[in-house]
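Okay, structure first, notes after.
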């Protein structure tokens, strides 16, 4: 299986921005932060007939989009687990551990709850019609479910080495038969929802700005700029192995914009009237994560300017790498979802 670069995966992960216009205070209770945008998303999708009777078309669209975004995030995690799995196990039909990796079987492999698949399968048959996305949900449901369950088993298994690694061999048979099929569909799904999400996020950010919701607006803009950075990297087909070849012209412009947007975000969160307007109880909802994002980008720029290749011999993403910037951006996305969406 060919793994895509961490930058590419993170660029699509940006679509975790499920913009429901709903904030949460520190108790976890949802509070209205707009007008009709604030709705309650059910834990389990309602039945089709009930939805048609009780929810507007706009509400159903938002519910479906939010669930599909959650599925997108799980797809990214499962693709990561496939990549880490094959850092330890040979990519052959017969189970075999790679020599001299220094890594333990199951290294950074994690499963997922498969309920999201059932939810999205139900939504795929409901309005609005998402066309290709609905078809992809149906096509990848079975291999994705197999991988989620198998990676869950691996991450919790303490006896995989018994009987000459029999459990590991059984797990491998599932992964080897499902991973390539799922990966092709998963990347297609991420591309499709990325296109949909870019349009929705741009529209939502414009509405936030017009309504004077400056905290959530700048929080969203900072993440959108981070995505643009990774899009530039991806368009140039740059990876951490070739980072010194990166043309920084557009990256430097985006860095300036990011610094300005984070300054506006800090100013907005320092304004008590703005906190009240947006129903936020915490004046530091991101705990400096955006400053860390700026720093990660500056390290990356300095790494390129140095002309020196990265030392990628360790297991983590080093400072100055695209992977490190992606990881910090992912933390910003997760925090955005917890503050403004969930």
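In my numbering, the protein residues as written are 843 to 1184.
Think of the CB as a built atom: it goes at the ideal place given N, C-alpha and C, for glycine as much as any other residue.
Remember, it's a predicted structure, so these values are computed and weren't measured experimentally.
Ranked by Cα distance from residue 1129, the options 1149, 1178, 1162, 1166 are led by 1178. The C-alpha of residue 1139 is placed about 26 Å away from the C-alpha of residue 1183. The three-state secondary structure of residue 931, taken from DSSP, is strand. Remark: fewer than three beta-carbon pairs, one from each stretch, lie closer than 8 Å, so the segment 941-954 and the segment 974-984 are not flagged as touching. As for any alpha helix (DSSP H) of minimum length 4 sitting wholly inside the segment 959-1042, the runs are 974-998, ordered along the chain.
In chain order, 956, 959 place their CB closer than 6 Å to the CB of residue 987, counting only its own chain and leaving out the 5 sequence neighbours on each side.
At a Cβ-Cβ threshold of 8 Å, residue 1170 and residue 1121 do not count as neighbours. Assignment of residue 1100 by DSSP, reduced to helix, strand and coil, places it in the helix class. Straight-line spacing of the CA atoms in residue 1002 and residue 1174 works out to 36 Å. In this structure, the alpha-carbon of residue 1041 lies about 13 Å from that of residue 1063. Residue range 1056-1077 is occupied by the alpha helix (DSSP H) that includes residue 1060.
Of the candidates 1026, 1059, 1094, 1059 places its Cα closest to the Cα of residue 1105. Pairwise C-beta distances place the segment 1135-1155 in contact with the segment 1096-1114, as three or more of them are shorter than 8 Å. Exclusion of the five residues before and after residue 1028 leaves 917, 920, 921, 982, 986 as the residues of its chain whose Cβ lies within less than 8 Å of its Cβ.
Collapsing the DSSP output to three states places residue 939 in a strand. Boundaries of the alpha helix (DSSP H) around residue 1171: 1164-1178.
The beta-carbon distance between residue 1110 and residue 1056, rounded to whole angstroms, is 4 Å. This is short enough to meet the 8 Å contact definition. Annotated three-state conformation of residue 1128 is coil, per DSSP.
Residue 1046 and residue 1038 have their alpha carbons spaced roughly 12 Å apart.
Judged by beta-carbon spacing, residue 1020 lies beyond the 8 Å limit of residue 953, meaning their Cβ atoms are not closer than that value.
In the three-state reduction of the DSSP assignment, residue 952 falls in the coil class, being assigned neither a helical nor a strand state.
Residue 1121 carries a coil assignment under DSSP once its states are collapsed to helix, strand and coil. Around the beta-carbon of residue 1000, fewer than 16 other beta-carbon atoms lie within 10 Å, marking it exposed. With a beta-carbon spacing of about 5 Å, residue 1071 and residue 1096 fall inside the 8 Å limit used to define contacts. Under the three-state reduction of DSSP, residue 926 is assigned to helix.
Burial is judged here by how many other beta carbons sit within 10 angstroms of a residue's own beta carbon; residue 1144 has fewer than 16 and is exposed. Contact between residue 1154 and residue 1082 holds, since their C-beta atoms are separated by about 6 Å, short of 8 Å. Here residue 946 carries a coil assignment [DSSP, helix/strand/coil]. The DSSP-derived three-state label of residue 1155 is coil. With contacts defined as CB atoms closer than 8 Å, residue 1013 and residue 992 qualify as a contacting pair.
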